[in-house]
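Asks: Taking my numbering, the leading residue of the sequence shown gets 13, the next gets one more, and so forth.
Glycine residues also receive a C-beta, built at the ideal position from the N, C-alpha and C atoms.
One structure coming up, written as structure tokens, with questions to follow.
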Amino acid sequence: MFNHNELSRIIDEVLLFEEVPLNDIPDIDLYVDQVNAFIDKKLAHLKRHDKDKLLTKTMINNYTKAGLLMPPNKKKYSREHIALLILVYSSKHILSINDISMLFGPLLNPGEGKAGYSAKGIAASVDQIYSLTQAINHDHSTDFNSLCASKMESIQKMAADMGCGDLEQVEWFLMVMFLVSQAALQKRLAEKIIDEYFKKEGPHKGK
């Protein structure tokens, strides 16, 4: 039978590392290889396997072509470029490139007035959006721990009632399926918000 301490240990390992504060991003322009080295160092904890690549030169070029990044200035990338790359990396595991493009559109092209927003866009600068994103994502481990602890109690009761042979394996299986369900629900919610408020034709009115 698994216990809350074991689950908390796994959660703590996942949430151990801080986000990258804006002040940690160099305020000087960098070449693409320097950008890759910086992100690979700062986000190394997000790799599932050591050999995994976080970003490549090709990825960065593709993001620029897709409108997710401003073009570099004389082959150099600014702090804003790096902040956007970190946000894109955080988003791409959940959202499609097309969805990310729609989401970032008002930030990169405020004059387009997507989704009925004013020409000022959704914020004054990439720096501000990046800092706000970091702030709202910070220190959520307590809530997440509480959610998982509560669900674990339900899982243990249900698994025990089933009378399964390998009870611990069943419990971990059910916990994984719960997390998958939560991730899928949050993904659908994010996609729904993008469809409603970030498509070029603007938010839908009524059904």
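When you compare only the Cα positions, how much space is there between N110 and A172?
Replies: What you label residue 110 is simply residue 98 of the sequence shown in a count that begins at 1. What you label residue 172 is simply residue 160 of the sequence shown in a count that begins at 1. About 44 Å.
Asks: Can you tell me where the alpha helix (DSSP H) with P118 in it begins and where it stops?
Replies: Here residue 118 is taken as the residue at index 106 of the sequence shown, counted from 1. Where P118 is concerned, the enclosing alpha helix (DSSP H) stretches over 109 to 120.
Asks: Any idea what DSSP makes of L179, helix, strand or coil?
Replies: The residue given as residue 179 occupies position 167 in the sequence shown. L179: helix per DSSP, three-state reduction.
Asks: Looking at the unbroken alpha helix (DSSP H) that takes in T68, where does it start and where does it end?
Replies: Within the sequence shown, residue 68 is the residue found at index 56, counting from 1. Segment: none, T68 is in no alpha helix (DSSP H) and carries neither H nor E.
Asks: Any chance the CB of L80 is under 7 Å from a heavy atom of the ligand ATP?
Replies: Looking at this structure, you won't find the ligand ATP or any other ligand, since it has none at all.
Asks: Pairing CB atoms from the region 67 to 83 with CB atoms from the region 22 to 42, are three or more of them under 8 Å?
Replies: No, the region 67 to 83 does not touch the region 22 to 42.
Asks: Taking all protein chains shown into account, do 16 or more other C-beta atoms lie within 10 angstroms of the C-beta of E183, making it buried, or fewer, making it exposed?
Replies: Taking the first residue of the sequence shown as 1, we reach residue 183 at position 171. Classification for E183: buried.
Asks: For S130, collect the residues of the same chain with a Cβ closer than 7 Å to its Cβ; drop the 5 residues on either side in sequence, then sort them by chain order.
Replies: Locating residue 130 in the sequence shown gives position 118, where the first residue counts as 1. Low confidence applies to S130: its pLDDT is 42, below 50, so where it sits in the model is not reliable, and the reading given next is rough at best. Counting only Cβ-Cβ distances below 7 Å, and skipping sequence neighbours, we find nothing.
Asks: What's the call for I148, buried or exposed, on a 16-neighbour Cβ count within 10 Å?
Replies: By one-based count along the sequence shown, residue 148 stands at place 136. Exposed is the call here.
Asks: Which value, in whole angstroms, describes the spacing of the CA atoms of M170 and K163?
Replies: Position 158 of the sequence shown holds residue 170. Position 151 of the sequence shown holds residue 163. If I take the Cα positions, the gap works out to 11 Å.
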